[in-house]
Amino acid sequence: MTALTAIDPATLRQIENAIFDLQSSDCNTFDKHIKKLSRVLHSSELEPVTSSLMSGIDLDVWIKEGLATQGSMVGSATLDWPSEPEKELGTVIRLIDRFAERGADDALSFAHDFYYNGNSINSNLHSLTRQVFIPFARDYIDYVKAKTGTIEAAMLPVKSGPAARKVFIVHGHDEAAREMVARYVQKLGFEPIILHEQASRGRTVIEKIDDHSDVGFAVVVLTPDDVGARKGEESKLQNRARQNVLIELGYFLGKLGRSRVSALKRGNIEVPSDFEGVVYVPFDEAGGWKNELGRELQAAGFEIDWNTVMRL
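Start counting the sequence shown at 4; every next residue gets the next number (the numbering used here).
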């Protein structure tokens with residue numbers, strides 16, 4: 004493919020926005036967002052790049068070969084992803100177009116076969132988004148930039164972390180939850196940054212946060228530490244996370260971007276409606292959050308040793 008003229012950065016941002024919308028979608032809203040992503044990829048500016056990548060990709064044969072690997076365990080089928088980066092991008096574009104045409108039911112069936120994450124259908128869709136669509140968007144945008152000379156400060160992360168393997172742990176009063184998360188990320192080879200463990204040296208809390216924000220990822224642990232309700236509805240009190248936790252959640256969303264922040268939610272607590280696009284991972288006693296967090300870190304561009312994850 005010959006070199007193309009630079010792409011309007013706003014077009015690339017539309018890809019990112021569609022991906023963020025997919026992160027928070029469910030079976031009722033998935034159709035709208037996957038169709039929007041497909042439309043952007045086939046917009047007049049991107050169509051030459053997209054068409055070139057799709058050329059020669061036989062999606063039906065590829066899926067059929069993957070289904071043939073299905074064992075006795077649910078979700079054990081595996082896909083043989085192309086080794087060539089261009090063909091991998093083209094394969095995902097074919098998938099996006101297929102789901103845009105056939106709807107959420109087809110995507111749910113695909114996610115159940117290849118990205119099974121429990122009995123929740125929405126959980127399977129989120130797994131598909133994290134493991135396929137987020138890495139695709141990052142790599143597709145980088146590919147377009149390289150081909151067209153476009154300069155754009157993309158919100159989605161590049162594969163290498165922007166800093167050392169540091170993870171800031173935001174937490175409330177639940178010390179056990181804090182320690183569980185901190186020790187887990189440490190065993191994965193990351194350095195957990197916990198604010199109260201850092202020397203104050205006369206700094207305010209926000210100054211300490213800012214001074215230790217050179218991290219590649221943040222994990223926000225939302226636990227039911229407070230209660231609250233709208234004025235006049237005091238009889239409808241709901242469990243809430245501490246206010247400082249929500250402030251720090253907003254801080255790191257602005258600092259790192261939504262793709263580098265994971266929110267773990269313990270129990271039935273109220274979550275802020277303004278943080279649209281944040282995926283709240285249940286902080287379950289069975290430890291399913293560990294796999295979810297590992298996938299989030301991998302989607303953010305970090306190498307994860309899944310053998311280690313399985314042992315923890």
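Beta carbons: idealized from backbone N, C-alpha and C, even for Gly.
Just so you know, the alpha carbons of E178 and L300 end up roughly 23 Å apart. The alpha-carbon separation between Q17 and A149 amounts to approximately 18 Å. Look at E194 here: in three-state DSSP terms it is strand. About 7 Å separates the beta carbon of L128 from that of A110, a gap short enough to meet the 8 Å contact definition. For V223, the secondary structure class from DSSP, reduced to helix, strand or coil, is strand. For I212, the enclosing alpha helix (DSSP H) begins and ends at V208 to D214. In the structure shown, Y146 adopts helical secondary structure according to DSSP, grouped into three states. Taking 3 residues as the minimum length, the region 61-122 contains no beta strand (DSSP E) run wholly inside it.
Around A114, the same chain offers N127, L128, S130 and L131 as residues with beta carbons nearer than 7 Å, after the five sequence neighbours per side are excluded. Each of A103, G59, S86 and L92 was checked against the Cα of L40, and the nearest Cα belongs to A103.
With contacts defined by Cβ atoms closer than 8 Å, L56 and L92 form a contacting pair. A residue is called buried when at least 16 other Cβ atoms come within 10 angstroms of its Cβ; V218 meets this threshold and is buried. Annotation for A266: the continuous beta strand (DSSP E) segment containing it runs V264 to K268.
Between the region 190-206 and the region 302-314, the count of Cβ pairs shorter than 8 Å is three or higher; the stretches touch. Between the C-alpha atoms of E237 and A71 there is a straight-line separation of about 57 Å.
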